[in-house]
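Structure record follows, encoded as structure tokens.
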Amino acid sequence: MLKQTRATKARFQLILIKPSHYDNDGYVVQWIRSTMPSNSLAAVYSLAKGAAERELLGPDLPIDVMAMDETNTRVKTKEIARRIAENGGVGLVGIVGVQSNEFPRAVDIARPLREAGVQVLIGGFHVSGCLAMLKELPGDIKEAQSLGVSIYAGEAEEGLDEVILDAARGELRPLYDHMKHLPDIGNIASPPFLPNDFIERTIGNVTSFDAGRGCPFQCSFCTIINVQGRKSRYRTPDSVEQILRMNYEQGINRFFITDDNYARNKDWEAIFDRIIKLREEDGMDVRFCIQVDTLCHKIPGFIDKSKRAGVTRVFIGLENINPANLIAAKKRQNKITEYRKMLLEWKRVGIITYAGYILGFENDTPESIRHDLEIIKKELPLDMLEFFILTPLPGSEDHKVLHEKGVWMDPDMNKYDVEHVVTGHPKMTEAEWTEAYRTAWGIYYTDEHFETIIRRAYASGINLRSLMPVLFWFSSAVPVEGVHPLQWGIFRIKYRHDRRAGLPLESPFVFYGRYAADIARKVVLVAKRWRHLKRIVRKVEADPHAKLYKDEALTPVVDEDAEHMELYTQNEAARTAVERERRVAAKTGNGNGGKAPAPAGLRTNGHQGNGHDAGLHDTEHHINEQNEPASPLV
Ligand code: B12
Ligand code: SF4
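Heads up: the sequence shown begins at 16 in the numbering used here, then just goes up one per residue.
Right, dumping it as structure tokens:
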């Protein structure tokens, strides 16, 4: 236990840190404003505050809770150690929501703290995923334990009290394993919450919370099902209302619902109904970004209720358009025959779509990736596409299989940020795969396609002033900053001394010279790209026929698509998938006598964002413009 430095009445210091990770030069990725508040931190912070309010350690030992997110705040370990010492020497640093790519940084934060005698506990997806899937703890976790760092696997909802009690006695255990029991999160007293002064360090008036955990599907690259389970656990509508009201009171009205698949939250409808009531009857202007799967449009009422509940943006796990790849990754629920229908449904209600696309499935080659992206641009009415390198993330089945077979995987966890190649590929070299990822952004976000996306959006009633920042963000993060849009922030901060353990301290001339040149280059590039995009938006807005824009992607789905669209004809796997869907449709009597891949409702629907109902779009446009969201994500 840490020595007490001043005679004061002791106060238990609980300091929660969400770590960042290192860039390729070994500097901490950090911004003046980062993308969004972390829900992992909000969840643990709120539970800790609850424990403090309940006086868990008794009236003589009050608990002070402090949270910081390293993506927007410099972690000063000496100050933390001093703070604990000045408050009676009792405390704990919890390193929260640690992903695999953040684990090396988390250990580097822990090291000086341990040297100063501070108790440290690491939780999050890396440790939980490893405990869920591996027979033995991997070397990096064992190494952390050898420094005296404790590990917390599983969710904090039922285990945090025990940890605080142990830490107050100075008896933290090396391992807390809560993986066997997944807690009920329905109506817990302290749902996720972060105070406004914390949220102000992120972009926009946005915070995040999980309305549920778990997903029923079985994708082999997924960690979530092995850590949070396949059964849907969800918060009650009362609990969601409590989260919304607490935030609304502090002026926050935009939310990222972090459920990996909100469409499979068993209580999605009751939660949406409550939010609709808050919006329509209580006048709360709350808005949301959600994540869904590609079959969400088949859930009756899901898309229309999303609209009424204030969803403005939706992330979709599209992943790939080659059915052979999807089957190999056990992503059987992704049916290419449903992609257009689903995207047109979102367009119908004027909600912006982002799709995740994974590069490096077993049939991918640089040429096939390029070809597939051209098909997507032409035939899918999608707004943003974001790319990821297929990565065997600890906690996934893919990682487990490779680990058990002894296949090479890069031992440097810092690279597991889905932007680095960390294992071999049957058809691409590491250099080709890396290059395919880097160039994918430029292949999708061309000037021509910017204009197409903007024209499709305008014709579908999407507010262009709201789309533009997002389009800018997703198209520019990699070319400008070299980081994924989900990691980007406003103005990169770098500290010469905050370099990865083992790397040399650079000379001030080299470090600051490069830093200044980098800033100058980025400022010019950002201004140029923004102006350029603005010109395209203005051009579309000035076009008197823009509302009537139509193209192949915006055309309602019809039987004949299967004959000519490349999405359905490009290879044997695509043709087989279409045939299979036709047979299923024939058996179930669903979708036009088994001929078409399209449900009748969609085929006859006149308002597929092609300007048929421009009147409605005008109203929508007007409403959206009243309150333009500033965040790139929500
Ligand atoms: C929202 C989200 C984001 C958001 C915000 C981050 C956040 N954590 O909120 C954004 C968009 C910024 C993001 C970015 C990225 N993400 Co992300 N993200 C998520 C997502 C969907 C939800 C996170 C969440 O809120 N979970 C719910 C919370 C409550 O669960 P939890 O984090 O596990 O925390 C609980 C327990 O672990 C435990 N616990 C955690 N910490 C601690 C600490 C202590 C002391 C204790 C006692 C307990 C404890 O208690 C918590 C409460 O129950 C998860 C998937 C998922 N279902 O978790 C992916 C996930 C965490 N992300 C992932 C990845 C890879 C990324 C990116 C690298 C992707 C990219 N290239 O940009 C970046 C990294 C950026 C960065 N450096 O942060 C992976 C990590 C996998 C792994 N093994 O590392 C996940 C699991 C998704 C996946 N593909 O598998 N992400
Ligand atoms: S749909 Fe998404 S959350 Fe569900 S198993 Fe697949 S990757 Fe995981």
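All residues carry an ideal CB built from backbone N, CA and C; glycine is no exception.
- In the DSSP assignment, residue 192 falls within the unbroken beta strand (DSSP E) covering 190–192.
- Distances taken from the Cβ of residue 271 to the heavy atoms of ligand 1 include one shorter than 8 Å.
- Within the chosen limit of 8 Å, ligand 1 reaches the beta carbon of residue 109 through at least one heavy atom.
- No Cβ-Cβ contact shorter than 9 Å links residue 133 with residue 121.
- Taking a contact as a CB-CB distance under 8 Å, the pair residue 397 and residue 404 does not count as one, their CB atoms being some 20 Å apart.
- By the Cβ criterion, the segment 52–61 is in contact with the segment 206–219, since at least three pairs of Cβ atoms, one from each stretch, lie closer than 8 Å.
- For residue 372, the enclosing beta strand (DSSP E) begins and ends at 367–374.
- In this model, residue 84 and residue 52 are separated by some 8 Å (Cα to Cα).
- Under a 10 Å Cβ-count criterion, residue 161 is classified as exposed, with fewer than 16 other Cβ atoms of the shown protein chains found around its own Cβ.
- Nearest neighbour of residue 46 by Cα position, chosen from 147, 166 and 218, turns out to be 218.
- Looking from the CA of residue 278, the closest CA among 80, 263, 316 and 260 belongs to 316.
- Under the three-state reduction of DSSP, residue 55 is assigned to helix.
- Burial is judged here by how many other beta carbons sit within 10 angstroms of a residue's own beta carbon; residue 472 has at least 16 and is buried.
- Take the alpha-carbon of residue 73 and the one of residue 531: they are about 52 Å apart.
- Its chain contains 140, 143, 144, 147 and 410 as the residues whose beta carbon lies nearer than 7 Å to that of residue 242, once the 5 sequence neighbours on both sides are disregarded; these appear in chain order.
- Three or more pairs of CB atoms, one per stretch, sit closer than 8 Å, so the segment 326–345 contacts the segment 373–383.
- Counting only unbroken stretches of 3 or more residues, the beta strand (DSSP E) elements lying wholly within the segment 240–295 are 269–272, in sequence order.
- Using a Cβ-Cβ distance cut-off of 8 Å, the segment 283–291 and the segment 314–329 are in contact, since at least three pairs of beta carbons, one from each stretch, lie closer than that value.
- Relative to ligand 1, residue 586 has its C-beta separated by 8 Å or more from all heavy atoms.
- The closest heavy atom of ligand 1 lies 8 Å or more from the beta carbon of residue 202.
- Apart from sequence neighbours up to five positions away, the residues of its chain that approach residue 246 with a beta-carbon distance below 7 Å are 229, ordered along the chain.
- Short note on residue 433: C-beta closer than 8 Å to some heavy atom of ligand 1.
- Setting aside the 5 residues that flank it on each side, residue 449 is surrounded in the same chain by 436, each with a C-beta closer than 6 Å to its C-beta; the list follows chain order.
- Per DSSP, residue 113 lies in no beta strand (DSSP E) and is assigned neither H nor E.
- Ranked by Cα distance from residue 137, the first of 178, 102 and 439 is 178.
- The DSSP-derived three-state label of residue 302 is strand.
- By alpha-carbon distance to residue 442, the top candidate from 76, 526 and 381 is 381.
- Residue 602 sits in a helix when the DSSP states are folded into three classes.
- In terms of Cα proximity to residue 280, the closest of 255, 361 and 268 is 255.
- If only complete runs of 3 or more residues are kept, the segment 313–381 shows the beta strand (DSSP E) at 326–334 and 367–374, in order along the chain.
- Around the beta carbon of residue 368, 16 or more other beta carbons lie within 10 angstroms, which makes this residue buried.
- Taking residue 82 as reference, the option from 31, 602, 446 and 336 with the minimal CA-CA separation is 31.
- By the Cβ rule, the segment 483–492 counts as touching the segment 544–553, because three or more pairs are nearer than 8 Å.
- CA-CA distance, residue 29 to residue 190, rounds to 18 Å.
- Assignment of residue 384 by DSSP, reduced to helix, strand and coil, places it in the helix class.
- Here residue 534 is exposed. Its C-beta has fewer than 16 other C-beta atoms within 10 Å.
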